[in-house]
Amino acid sequence: MARLTDIPNEILEHIFNYVSDINQPDIFALRLVSKRFNEIAAPLRVRNWSDDGDYGHYSANDSIVTLDRFALELLRYPELRSRVRSLNFTWIQTPHDHDPARVGLRSANLELLAKAAEELLPDLASSTDLGQQIRRVWDDGIAVLVLVWTTNLERLTLTIPKIPRDGDWHYYNTLLILRLAKQLALRFVARHPRPTQALPLAKLRHLDFRYWGIGNWNPVHEINMRQLTPFLYLPSLKNLQITCVGEDYEDLDDLDASGQDSYSMRYPKRTSPIESVVLATQHITMHGLRSVLRACKNLKVFRAEFAEMGDESSTRPEHSYSLLARCLIDHASSLQELDLETYKHDTDWTHNFGQLHQCFLKLTKLRKLSIPVSFNSIHEIYLSGYDRKWISHHPLPPSIEYLKLYDSLRPILSTCKLGKSAFVTELGKDLGVVTSIVSKAGGNGRLSQLKYIDCAAVVRDDPTMKWVEELKQLAKERGVQVLLGDYDPSEDVIMEDL
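Under the UniProt record's numbering, residues 1 to 498 are what the sequence shown spells out, in order.
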């Protein structure tokens with residue numbers, strides 16, 4: 001095997017790029033190996049930047065620099081700007097949450113950054129406090145400058161700060177990073193001849209759009225889905241992840257009536273190049289979900305974890321799987337992966353699974369499907385006065401090759417403490433569902449394309465249970481790999497009577 005020192009620089013640079021994308025701090029360790037390694041790795045120190053919540057004396061890692069120092073590095077070495085591939089703005093400090101413990105740059109350096117921003121963005125600087133924000137070390141203004149410089153950016157994580165106490169939606173009208181996004185989107189929509197210099201965000205392929213409330217959700221202060229709209233016009237965006245971003249019709253009405261148009265746009269219709277949408281949110285109307293999905297012209301992947309839907313006491317309209325089905329049918333010719341992880345929370349959707357089943361039959365390109373096991377079985381259980389009813393054995397899409405089943409009712413049963421008998425009943429039903437699906441796989445079965453079933457969340461590999469052994473044998477005969485959950489004999493659920 002050749003030594004690392006014998007590998008050509010071009011190949012080493014590819015290796016170092018890979019190392020940087022996995023763990024950026026390792027680049028700084030590589031620079032200490034040798035002079036040659038340092039020459040190759042040094043430009044990669046800016047390839048992936050993330051604040052990670054580490055500022056000033058809070059961080060003991062020399063490889064982590066604050067946003068203002070990162071911007072100064074790009075100012076001093078313009079050749080490094082094209083090297084930046086990913087930015088992660090986890091904590092955008094504003095005047096409302098400025099950290100006094102954070103040690104900023106000297107005033108002279110901040111002045112250089114402010115003047116650079118004012119020269120680069122004269123319109124935005126003249127209509128806002130862009131320069132003043134940078135002089136005061138506010139991340140919002142500095143982030144705008146960095147985004148404009150990094151024209152080869154491919155991945156962006158943007159966490160929108162929370163509304164300050166006693167604030168309202170007008171607060172977001174002052175966020176410069178959202179204003180910049182809209183200005184760029186309008187230029188992309190205008191379809192002017194290709195500029196001599198690439199526009200910022202023109203090459204962005206991955207966007208993770210988040211609200212500050214992750215892990216500390218406050219529905220009163222959730223960010224509105226409309227603030228995402230400018231990013232839907234980015235010409236190269238392929239993967240969109242939305243986390244803790246909600247929508248309420250009343251907020252939309254207020255938004256339109258108040259003329260808050262400095263950061264939001266109309267939803268595009270079947271023009272966005274987005275191919276993958278991952279949605280993890282607490283509050284969302286079907287209007288918001290439909291608008292995002294209809295923006296995509298060739299959606300291939302849709303993953304959703306709905307934490308809470310509009311309930312009967314809210315102003316949101318009633319949600320149903322029939323409405324979700326309509327959204328998915330719009331992409332029946334392209335959708336290849338569907339993940340509906342609704343099992344973790346007690347949703348208030350209308351459980352009209354029949355229409356969702358009809359939708360499945362139209363998704364002829366679907367290859368990978370992840371759904372609650374309750375989509376395929378009958379459950380009639382009374383919990384705290386609510387009647388839960390689920391459909392029975394509706395056919396799955398015949399084109400699927402991979403199936404994952406989530407546990408949908410066991411967490412609820414555990415919370416309600418209905419006892420062992422309820423658990424045994426549910427486990428037996430789940431096992432029956434999986435066995436029924438496996439029996440239709442392989443050969444001339446209706447699910448002849450099915451090769452893998454992940455049912456670890458619903459069926460345990462219990463060696464004392466004959467039905468589990470029969471399932472494993474049937475899967476072997478049908479040529480299907482079945483992943484079962486680990487068996488723990490100390491668990492409080494005993495199924496020896498099955």
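Cβ atoms here follow ideal geometry from the backbone N, Cα and C, with glycine treated the same way.
Given residue i as reference, the closest of the options once Cα atoms are compared
{"i": "G443", "options": "K466, L474, R155 and E470", "result": "L474"}
{"i": "I274", "options": "R31, M225, S236 and T281", "result": "S236"}
{"i": "A280", "options": "A304, R294 and R266", "result": "A304"}
{"i": "I242", "options": "P230, M225 and L234", "result": "M225"}
{"i": "G485", "options": "L447, K476, P463 and N239", "result": "P463"}
{"i": "V245", "options": "L234, T159, Q183 and I64", "result": "T159"}
{"i": "A117", "options": "G141, L105, S127 and V137", "result": "G141"}
{"i": "F37", "options": "D51, H14, I22 and L124", "result": "H14"}
{"i": "L120", "options": "L175, L363, W91 and L180", "result": "L180"}
{"i": "residue 499", "options": "D129, L124, L32 and L112", "result": "Residue 499 lies beyond the residue range present for the chain, which begins at 1 and ends at 498; the question has no answer from this structure."}
{"i": "L130", "options": "F70, I177, T151 and E470", "result": "I177"}
{"i": "A325", "options": "L356, C296 and K476", "result": "L356"}
{"i": "P8", "options": "R31, I40, L32 and K476", "result": "I40"}
{"i": "C134", "options": "A185, V468 and D68", "result": "For clarity, residue 134 is Ile in the given sequence; the question names Cys instead. The shortest Cα separation from I134 among A185, V468 and D68 belongs to D68."}
{"i": "A190", "options": "Q93, T151, L228 and Y233", "result": "Y233"}
{"i": "P113", "options": "T128, V137, Q24 and A185", "result": "In the sequence under discussion, the amino acid at residue 113 is Leu, which differs from the Pro named in the question. Among T128, V137, Q24 and A185, the Cα nearest to that of L113 belongs to V137."}
{"i": "T271", "options": "V292, T157, V33 and L335", "result": "V292"}
{"i": "P78", "options": "L471, L175, V438 and T150", "result": "T150"}
Beta-carbon contacts of residue i that lie in its chain and below 6 Å, excluding the five residues immediately before and after
{"i": "N109", "result": "L72"}
{"i": "D488", "result": "none"}
{"i": "V46", "result": "L80, R83 and V84"}
{"i": "H206", "result": "R155 and N239"}
{"i": "L328", "result": "C359"}
{"i": "L228", "result": "F209"}
Neighbour-count burial assignment, residue i, 16 or more Cβ in a 10 Å radius
{"i": "A29", "result": "exposed"}
{"i": "K466", "result": "exposed"}
{"i": "A143", "result": "buried"}
{"i": "residue 563", "result": "Coverage of the chain is limited to positions 1 through 498, which leaves residue 563 absent and any answer about it impossible."}
{"i": "N48", "result": "buried"}
{"i": "K269", "result": "exposed"}
{"i": "A198", "result": "exposed"}
{"i": "I22", "result": "exposed"}
{"i": "I11", "result": "exposed"}
{"i": "T66", "result": "buried"}
{"i": "R294", "result": "buried"}
{"i": "L4", "result": "exposed"}
{"i": "D6", "result": "exposed"}
{"i": "Q132", "result": "exposed"}
{"i": "Q395", "result": "Inspection of the sequence shows that residue 395 is occupied by Pro rather than by Gln. Under this definition P395 is an exposed residue."}
{"i": "R446", "result": "exposed"}
Cβ-based neighbour list, residue i, same chain, cut-off 7 Å, excluding 5 preceding and 5 following
{"i": "L450", "result": "I400, E401, L403, A441 and V480"}
{"i": "V373", "result": "L405, Y406, D407, S408, D430, V433 and V458"}
For residue i, the first and last residue of its enclosing beta strand (DSSP E)
{"i": "K368", "result": "K368 to P372"}
{"i": "I160", "result": "R155 to I160"}
{"i": "I242", "result": "N239 to T243"}
{"i": "L12", "result": "Unbroken run through L12 is the alpha helix (DSSP H), N9 to I22; no beta strand (DSSP E)."}
{"i": "F209", "result": "H206 to Y211"}
{"i": "I64", "result": "First-last for I64: undefined, no H or E at that position."}
{"i": "E337", "result": "E337 to L340"}
Close beta carbons around residue i, own chain, < 8 Å, minus the five adjacent residues each side
{"i": "residue 500", "result": "Any question about residue 500 goes unanswered here, given that the chain covers just 1 to 498."}
{"i": "L153", "result": "V84, R85, S86, L87, L147, P200, L201, K203 and L204"}
{"i": "P397", "result": "F360, L361, L363, T364, L366 and L369"}
{"i": "D26", "result": "V19 and S20"}
{"i": "D253", "result": "Unreliable placement is indicated for D253, whose pLDDT of 41 sits below 50; no coordinate value is reported for it."}
{"i": "E477", "result": "G442"}
{"i": "A42", "result": "R31"}
{"i": "N218", "result": "The predicted model places N218 with a pLDDT of 47, which falls under 50 and marks its position as unreliable; any figure quoted below should be read in that light. Cβ neighbours of N218 beyond the five flanking positions: K162."}
Segment limits, alpha helix (DSSP H) that includes residue i
{"i": "S34", "result": "First-last for S34: undefined, no H or E at that position."}
{"i": "N109", "result": "S107 to L120"}
{"i": "A143", "result": "D139 to W149"}
Check whether the region 289 to 302 touches the region 331 to 341, counting contact only when three or more Cβ pairs, one atom from each stretch, lie closer than 8 Å. yes
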